[in-house]
Amino acid sequence: MSDPNTPNTNASVLVVDDHAAARRSVADVLSCAGYAVEQCASAVEALAHVKRAEPDVVVTDLQMPGMNGLEFIQELTRRRHACQVLMMTAHASVQTAVDAMRIGAFDYIEKPFDVDRLEASVARAVSRRGLAEAASDAPRVIGDSPAMRRLMEQIRLIAPTDETVLICGESGVGKELIAQTLHSLSRRAAGPLVGVNCPVLSEQLAESELFGHKKGAFTGADADRVGRFEAAQGGAILLDEVTEISPQLQAKLLRVLQERVFEKVGSSEPTPLDARVVAATNRRLEDEVRAGRFREDLYYRLAVVPIDAPPLRDRGEDVLLLADHFAGQAAARLQRQRVVSDSARDLLMSYSWPGNVRELQNIITRACVLAESDQIEADLICPWLAEESIRSHEAAAGGFPTLAHQTSADRTLAEIEREVILATLSRNDGHRARTAAALGIGVRTLSGKLRDYGVPPGEKQLARSA
């Protein structure tokens, strides 16, 4: 990964300041650093310039006649320009800095400016601009419901800060994706986002996994090891399902959050923490604290900025947006056209989605694999929907009968699952990794089910289930 503080000599910077001497001073520094620099004497002039040729970075003064720096940033945001903005002012205040960051500024620099600080900030802004352009292919939060609009606004406000974030929500709502989005919009986006799946941390090696160890720290420690916190330096660390860590590890994590340092196993030398901490859980931490399973002081350290991820049942027609998105992804992998039919869309909207977005993605992916035409029809989806979760429909509205009416014949859900798995394996020529990906399950889970079905390892030709 390139150093985010190294200038990109192909990058362009626009300097906006009504004072000519101050404007030239900034421009000269950045020109010497290798940037292509343009200058404007007012925000109005700068808006016209950005419309003609959008720069990678805008460095603007705060106090300007006509339209001030904050109003200028707001207008750039309203017009959906992607350039990163640095605010400079001799009239520094905490509130002004907060206001600038809240409305979209990437960074805030006081006058008289420090040359190294200015160059480093512009370099990071250029790196952030490049990441933003590359993000079109990256995972992103999808939704236009009021609940998701509130969530995205919250993410936008939180992202520029370094505060610890706690993401709460049911399984399958997309907590990891929210963390990825938060990180991609942060000033640390050029750094790594290191994930830790807390439930799989072994009691014996959890501390070494998180903080690393020195050679000889314990039996089997034949070399120094970099822990997850060290790997996250310069970026962020995601502690997924944080309620699953042991009481001993909770105490260690509390110290890291309190003192912003960590120590490798076998070392007494503290390492300063330079990473944002994001935690996620599908449980109510307040309940875990009351039950004595989670430290109250750690809860308050983690929940500095809480984010509640809404369940899919509260997101209205986001279900259809997501269904179309997942169908498009599956169609691209399968190299076939796949469209969710009107009948299937009605059924999807009638379901309460206890498994949330993950359940929807798995069902749409399976349907795309098994569909014999371009259209994904309701009868292909219905067998996978839990009977108790289908909301009742009025017959006059043409609603679908419940699952009990459609699948109670002679087939159990286990039989349907077996048929789907074997058919998908056959369509993928016995390739287990591709089959697992198409079904949205792990290869180990798939292998276990195939073993139950009597399919030998490496078997290529499968008879379709009767």
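The opening residue of the sequence shown carries number 1239 in this note's numbering; numbering runs sequentially from there.
Cβ atoms here follow ideal geometry from the backbone N, Cα and C, with glycine treated the same way.
This one's a predicted model, so the numbers in the text were calculated from it and none came from an experiment.
If you ignore the 5 residues before and after Q1496, its C-beta comes within less than 7 Å of the C-beta of R1539, all in its own chain and listed in chain order. Looking from the CA of R1551, the closest CA among E1408, S1440, G1680 and A1417 belongs to E1408. Put simply, of R1290, F1500, G1680 and V1494 the residue whose alpha carbon is nearest the alpha carbon of L1536 is V1494. Rounded to whole angstroms, the gap between the alpha carbons of G1450 and Q1488 is 16 Å.
Every alpha helix (DSSP H) of 4 residues or more that sits fully in the segment 1416 to 1477 is shown, in chain order, as 1444 to 1449 and 1466 to 1469. In the DSSP assignment, the residues bridged to R1514 are A1474.
Judged by pairs of C-beta atoms under 8 Å, the segment 1407 to 1426 touches the segment 1595 to 1604, as three or more such pairs exist. Bounds of any beta strand (DSSP E) do not take in V1480, whose DSSP letter is neither H nor E.
Between the segment 1571 to 1585 and the segment 1612 to 1619, the count of Cβ pairs shorter than 8 Å is three or higher; the stretches touch. Using a Cβ-Cβ distance cut-off of 8 Å, the segment 1292 to 1307 and the segment 1386 to 1394 are not in contact, since fewer than three pairs of beta carbons, one from each stretch, lie closer than that value.
When the five nearest sequence neighbours on each side are left out, the beta carbons in the same chain lying within less than 7 Å of the beta carbon of Q1277 are those of V1253, R1261 and A1265, in order along the chain.
Nearest in C-alpha terms to F1456, of all of G1473, T1481 and K1502, is K1502. Around the CB of Q1442, fewer than 16 other CB atoms lie within 10 Å, so the residue is classed as exposed. By the Cβ neighbour-count rule, C1436 is buried, with 16 or more other Cβ atoms within 10 Å of its own.
Under the 10 Å beta carbon count, T1683 is surrounded by fewer than 16 other beta carbons and is classified as exposed. Here V1499 is near P1510, since their CB atoms are less than 8 Å apart. For D1299, there is no enclosing alpha helix (DSSP H); the residue is part of the beta strand (DSSP E) that begins and ends at V1295 to D1299. Taking all protein chains in view, the Cβ of E1534 is surrounded by fewer than 16 other Cβ atoms within 10 Å, so the residue is classified as exposed. Cβ-Cβ separation between C1321 and E1292: approximately 6 Å, consistent with a contact (criterion under 8 Å). By the neighbour-count definition (other C-beta atoms within 10 Å, threshold 16), D1525 is an exposed residue.
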